[in-house]
Amino acid sequence: MYFLKRILTMIPLLLIISFMAFALIRVAPGGPFDRERKPASPEIERALRAKYHLDEPLVKQYFRYLGGVLKGDFGPSLKYRNHTVNDIIKQGLPVSLALGGMAFCFAMGVGIPLGFYTAVRRGQWGDYIGSFFALLAFCIPAFVVGPVLIMIFAMKLQWLPVALWHSPLHFILPTVALGLYFSGRIARLMREGMTDTLHAGFITTARAKGLSESAILWKHAFRLAVLPVVSYSGPLLADLLTGSFVVENIFRIPGIGVFMVNSTINRDYTMVVGLVLLYAVLLLVMNLLVDLSYSLLDRRVRYE
Amino acid sequence: MKSLTRLLGNSSGRLRFFWRQICRSLAAGAAITLAGLGTSGCSSAVTEQADIVIINGAEPESLDPAIITGQGEARIVRGLFEGLTRLDPKDAVPVPGLAERWEILNDGSVYIFHLRTNAVWSTGEPINVDDVIYSWLRVLDPMTGAEYAGQLFFIKNAEEYNTGKIKNPSALGIHKMDDYTLRVELTGPTPFFLDLAAFPTLAVVPRDSIEKHSDRWIMEKPLPTSGPYTLESWRIHDRVRLRKNPRHWDAANVQNTLVDFIPMESAMTAMNLYLSGQADILWDKTIIPSELMDVLSLRPDCHQFDYLGTFFMRFNGTRKPLDDVPVRNALSMVIDKHQIVEKITRAGEKPATHFVPKGMVTYQPPKGLAYDPETARKLMAEAGYPGGKGFPTVVYLLKSGKLDEQIGVELQAMFKEHLGVRMELRQAEWKVYLAAQSALDYDLSRSRWIGYYNEPTTCLVMLMSNNGNNRTGWKNPRYDELIREGNRQVDPKKREKILQEAEVLLIREEVPIAPIYFYAGVNFFRPKEIEGIYFNLLDEHPIHAIRRVSRNRESRN
Numbered sequence: 001m002y003f004l005k006r007i008l009t010m011i012p013l014l015l016i017i018s019f020m021a022f023a024l025i026r027v028a029p030g031g032p033f034d035r036e037r038k039p040a041s042p043e044i045e046r047a048l049r050a051k052y053h054l055d056e057p058l059v060k061q062y063f064r065y066l067g068g069v070l071k072g073d074f075g076p077s078l079k080y081r082n083h084t085v086n087d088i089i090k091q092g093l094p095v096s097l098a099l100g101g102m103a104f105c106f107a108m109g110v111g112i113p114l115g116f117y118t119a120v121r122r123g124q125w126g127d128y129i130g131s132f133f134a135l136l137a138f139c140i141p142a143f144v145v146g147p148v149l150i151m152i153f154a155m156k157l158q159w160l161p162v163a164l165w166h167s168p169l170h171f172i173l174p175t176v177a178l179g180l181y182f183s184g185r186i187a188r189l190m191r192e193g194m195t196d197t198l199h200a201g202f203i204t205t206a207r208a209k210g211l212s213e214s215a216i217l218w219k220h221a222f223r224l225a226v227l228p229v230v231s232y233s234g235p236l237l238a239d240l241l242t243g244s245f246v247v248e249n250i251f252r253i254p255g256i257g258v259f260m261v262n263s264t265i266n267r268d269y270t271m272v273v274g275l276v277l278l279y280a281v282l283l284l285v286m287n288l289l290v291d292l293s294y295s296l297l298d299r300r301v302r303y304e
Numbered sequence: 305m306k307s308l309t310r311l312l313g314n315s316s317g318r319l320r321f322f323w324r325q326i327c328r329s330l331a332a333g334a335a336i337t338l339a340g341l342g343t344s345g346c347s348s349a350v351t352e353q354a355d356i357v358i359i360n361g362a363e364p365e366s367l368d369p370a371i372i373t374g375q376g377e378a379r380i381v382r383g384l385f386e387g388l389t390r391l392d393p394k395d396a397v398p399v400p401g402l403a404e405r406w407e408i409l410n411d412g413s414v415y416i417f418h419l420r421t422n423a424v425w426s427t428g429e430p431i432n433v434d435d436v437i438y439s440w441l442r443v444l445d446p447m448t449g450a451e452y453a454g455q456l457f458f459i460k461n462a463e464e465y466n467t468g469k470i471k472n473p474s475a476l477g478i479h480k481m482d483d484y485t486l487r488v489e490l491t492g493p494t495p496f497f498l499d500l501a502a503f504p505t506l507a508v509v510p511r512d513s514i515e516k517h518s519d520r521w522i523m524e525k526p527l528p529t530s531g532p533y534t535l536e537s538w539r540i541h542d543r544v545r546l547r548k549n550p551r552h553w554d555a556a557n558v559q560n561t562l563v564d565f566i567p568m569e570s571a572m573t574a575m576n577l578y579l580s581g582q583a584d585i586l587w588d589k590t591i592i593p594s595e596l597m598d599v600l601s602l603r604p605d606c607h608q609f610d611y612l613g614t615f616f617m618r619f620n621g622t623r624k625p626l627d628d629v630p631v632r633n634a635l636s637m638v639i640d641k642h643q644i645v646e647k648i649t650r651a652g653e654k655p656a657t658h659f660v661p662k663g664m665v666t667y668q669p670p671k672g673l674a675y676d677p678e679t680a681r682k683l684m685a686e687a688g689y690p691g692g693k694g695f696p697t698v699v700y701l702l703k704s705g706k707l708d709e710q711i712g713v714e715l716q717a718m719f720k721e722h723l724g725v726r727m728e729l730r731q732a733e734w735k736v737y738l739a740a741q742s743a744l745d746y747d748l749s750r751s752r753w754i755g756y757y758n759e760p761t762t763c764l765v766m767l768m769s770n771n772g773n774n775r776t777g778w779k780n781p782r783y784d785e786l787i788r789e790g791n792r793q794v795d796p797k798k799r800e801k802i803l804q805e806a807e808v809l810l811i812r813e814e815v816p817i818a819p820i821y822f823y824a825g826v827n828f829f830r831p832k833e834i835e836g837i838y839f840n841l842l843d844e845h846p847i848h849a850i851r852r853v854s855r856n857r858e859s860r861n
């Protein structure tokens, strides 16, 4: 029941989001057909605006657009005039999904063990070194990590390709560049969660009962300590899956992250709204899934 | 106590369940990855290696010859669709394309084109005059949204047809004499009409495909093309792949079979990809890392040459005190252009005192204002602003970008140092910049102009009073008349003289603009591996002439 309600509230939310995006991008100065060189005659500009219905009142445009969306048609791209928004998402999204999925696995696979380890070794050398690396990963942005990785592994050692997206070898550097920051973040979340949990009363009780240390850590502490990571993983996954402008740009990956930024700069109205909707749906769904997993991980959480 | 045990969850069943959860979420990540790879990874896997890999600048907005406006797109489209003429790979002058010969009558205002009888679409059907007429009328139809339709306005009644003043296409100066003969009547002697005929806007496109698929016709498979290549594949933001068209009339002289165009927006990535040997040619000047040019320009595979583009500054002639000619003169005279090309741009640009770049066959540009701070100070004092006193703070509008910002800062310093003029920078995102410039919402503005045929009017028409690209508020009937007068001239010498007179108005007398530098063409390719790229003012290098001489990818650095 609770989840059904959640799903139903998504609909008005998506309507508001799409209308905001639709209206705001049109308010921004300049239009999709503004160029350094004006069209040869005003008639051409007028015809272009008429063709894409930009000459209609805003609300009428919006309902026309909505009608298309309901049929699964996000309209033509105003910048890439041989493609529809559907074409571009269909080509780019799988690439971004793949990259995002790999980066997610990398971030989780590195972050959770690192956080766990540093929390258990709190105050010891292992903690200092591990936490230092987590902090480092957390502090260096992808636009520094990417070029450094390229410089070392592609240009100097020549183990991996510089850019493009053609074979599994091409996947490694972008995955690390994209996932590293998040692995640092997850390690820190994990470490904090674990540290807090280890001080909780029930752990003391468990110790008093004479449970083995590994049982305490793995069976009891970890489950609760991982909750902040889980709640963070929803928006993280939505973020990663819709592509990263920086990483896709540095490694010239044909995903949709590049479009997220460029469509706004280009005033590609249909593209902007289509991508905003895509992102919104992903974010809402991921948050829903996170809440769902809460109730499974922590039995104190119940949804009525 | 009971609830505590529940909380602890010591039953092993629940533990297993929990682990399943974690595994499931990682599995979900992996599944998403695999799903993504399944639909994208495999299809983009390289199965066949291209003969030549070219890094080509931004993703093409379109590959429809009527719609494209950028050089990157044109370089691909010229391979796919041919016009009546095409460019010679060496010097980019027009040579026979789909037309094997032509006659020029009436002092250059009538052209009769004789089409090749052996020209066919890549799908086998013959190409004849009807295809040419269809293609040109399509460009002129405002509904096509062909922004470069102006390339055809030299044809009689073409502009009137485009703006709706004439509805009947038979009133146009385009006449079919027979299936392979086309008569074109122009508005006047147009010495560059053959150059225009080689321009993608005038290329011949397949009617059936366009009528059947409208905007997405270019994605049709197989796509009928009129040029030396067919479109093998186009994955957005990934690659455009062209394959030799065996049915092209000149297929025997096409030097390669498979050409990849890699779209790229990051200069660093472009350079890395080229240096690592994964690309053969890097020829887009917007993705050359200018901060490394002093090192890169020493390399034997860096080729720099003159290019038909000018970077300049617009004065807003509708604002005080910039409506004052001596003030504009003074500001122009304190710009140390050598400093800008040597310290900032560094890709082989040349300082500019005139607007039309050097190197045109039929035109020698006049000399403009020299760097002369002394005279500038005098002019300013005479205009009532000695040492900049009383001169309002002006705003320099520029687009965001490192290079443009550096130039803005340099200009700021020059105006302050020599004239005591305070200037603020207003950096705007591209579309905001364009909108502000069009609306004359600026005092001074960063500007550039790229010509597209080897004749001075390609630049000079920009500043005619009613030209949409003027954007200075400067209107001068004498200038307009000189351009029109020049266009009426048959004798090239007379034409040159009149156009020079017009340019003098721009750069010495009225000064609505201050030329700063001429762009340079920059191509990177390893001469030991790649041949058939020649340097010309248009920076055009037809791909059918490009040849790989060795696949020696060792020569990387």
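Listed in order, the protein sequences are those of chains A and B.
Residues in the first sequence are numbered consecutively from 1, following the numbering used here.
Residues in the second sequence are numbered consecutively from 305, following the numbering used here.
Every residue, glycine too, gets a C-beta built ideally from N, C-alpha and C.
Predicted, not measured: the structure shown is a model, and the values here were computed from it.
DSSP, read as helix, strand or coil, puts T242(A) in coil.
The C-beta separation of A502(B) from G401(B) comes to about 7 Å, placing the pair in contact by the 8 Å criterion. Of the other Cβ atoms in all chains shown, 16 or more fall within 10 Å of the Cβ of T762(B); this residue is therefore buried. Taking 8 Å as the CB threshold, F659(B) stays off the interface with chain A. Taken in chain order, the whole beta strand (DSSP E) runs of length 3 or more contained in the segment 345-422 of chain B are 356-359, 389-391, 398-400, 403-409 and 414-419.
Closest option to F132(A), judged by alpha-carbon separation, among L93(A), P174(A), A187(A) and T205(A): A187(A). For chain B, the residues of the segment 29-42 of chain A that bring a beta carbon within less than 9 Å of one of its beta carbons are P29, G30, G31, P32, F33, D34, R35, E36, R37, K38, P39, A40, S41 and P42, in chain order. Rounded to whole angstroms, I358(B) and T351(B) show a C-alpha spacing of 18 Å. Just so you know, the alpha carbons of K71(A) and Q61(A) end up roughly 16 Å apart. Each residue's CA atom was taken as its position, placing Y667(B) and D395(B) some 16 Å apart. Each residue's CA atom was taken as its position, placing A362(B) and M568(B) some 5 Å apart. Apart from sequence neighbours up to five positions away, the residues of its chain that approach E536(B) with a beta-carbon distance below 8 Å are R545, L546, R547 and L562, ordered along the chain. Sorting F385(B), I566(B) and F417(B) by C-alpha distance to the C-alpha of P510(B) places F385(B) at the top.
In the displayed model, S167(A) falls within coil according to three-state DSSP, outside both helix and strand. The continuous beta strand (DSSP E) containing F565(B) extends over residues L562 to I566. A21(A) places its beta carbon less than 8 Å from that of V272(A).
With respect to the 8 Å criterion, P677(B) and H658(B) are not classified as neighbours on the basis of their beta carbons. Closer than 8 Å to the CB of E365(B) there is at least one CB belonging to chain A. Beta bridge pairing from DSSP links E835(B) with R851(B). In this structure, DSSP gives V145(A) a helical state, which the three-state scheme calls helix. Excluding the 5 residues flanking it on each side, T494(B) has same chain C-beta neighbours closer than 6 Å at F458, in chain order. Shown here, M523(B) sits in a helix according to DSSP, grouped into three states.
With a threshold of 16 other beta carbon atoms within 10 Å, S96(A) meets it and is buried.
Against Q91(A), the close residues of chain B are R539 and I540, in the order they occur along the chain (beta-carbon pairs closer than 7 Å).
Taking C-alpha positions only, L367(B) is separated from D434(B) by approximately 22 Å. DSSP, read as helix, strand or coil, puts P655(B) in strand.
Under the DSSP assignment, E36(A) falls outside any alpha helix (DSSP H); it carries neither an H nor an E label. For K720(B), there is no enclosing beta strand (DSSP E); the residue is found in the alpha helix (DSSP H) stretching over K706 to L723. Against chain A, the CB of K735(B) has a partner CB under 8 Å away; the residue lies at that interface. Put simply, of G374(B), W406(B), L810(B) and I416(B) the residue whose alpha carbon is nearest the alpha carbon of R618(B) is L810(B).
Taking a C-beta distance under 8 Å as the contact criterion, G101(A) and L114(A) do not qualify as a contact pair. Counting every other CB atom within 10 Å of its CB across the protein chains shown gives N266(A) a total of 16 or more, marking it as buried. Bounds of the beta strand (DSSP E) holding A824(B) are I817 to F829. If you look at R788(B), you'll find it in the alpha helix (DSSP H) that goes P781 to R792. Fewer than three pairs of CB atoms, one per stretch, sit closer than 8 Å, so the segment 253-261 of chain A makes no contact with the segment 142-155 of chain A. Taking the Cα of V301(A) as reference, the smallest distance to any Cα among L227(A), L189(A) and N262(A) is reached at L227(A).
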